[in-house]
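In what follows, a structure is listed as structure tokens, so that the remarks can point back to it.
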Amino acid sequence: MKEKKLKIIDGKGTILGRLASYAAKEALKGEEIVILNCNEVIISGNKKATEDNFLKKRKRVGSSQKGPKHSRLAYRIVKRAIRGMLPEHRFGRGREAFKRIKCYNEAPKEFEEKEKIKIERKKPIKYSRVKEFSK
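Going by my numbering, the letters in the sequence shown line up with residues 381 to 515, in that order.
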């Protein structure tokens, strides 16, 4: 039986778009992806514009509360960004790749001692953290 590779990514101080594209590529290759510290992920750009964008998305619910609904939880914000990087997340290989991705706000005990991947980039001048837009 083929053993699946597990990649643990530390999201602390990582830019959301770069993290999402890396996680999507690795999941499409067939690897299990675990992202820790989702509330410390950075969203680059003007904080006010980013906040307005999140508020606008959350107010757009549709008739009789049927959807689309945008979550306020930090790990779901990150997971939704990754979903946007996958090809057709509802069918085929995109769906299988999306199932291989797990996101956590803190590090569970089972992943604390394991080696983590850190995606290093220079911090942008204007940025905000995902936890500022979550509950």
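Just so it is clear, CB atoms sit at the ideal spot from N, CA and C, and this is done for glycine as well. This structure is a prediction, so every number in the text was calculated from the model and none was measured.
How many Å lie between residue 400 and residue 493 at the Cα? 24 angstroms
Should residue 426 go down as buried or exposed, given a rule of 16 or more other Cβ atoms within 10 Å for buried? exposed
Pick from 439, 486, 473: whose alpha carbon is nearest that of residue 511? 486
Please state whether DSSP places residue 420 in a helix, a strand or coil. helix
Under 8 angstroms: do the region 384–392 and the region 413–426 share three or more Cβ pairs, one atom per stretch? yes
Would you mind working out which of 471, 457, 470 sits nearest residue 397, comparing C-alpha positions? 457
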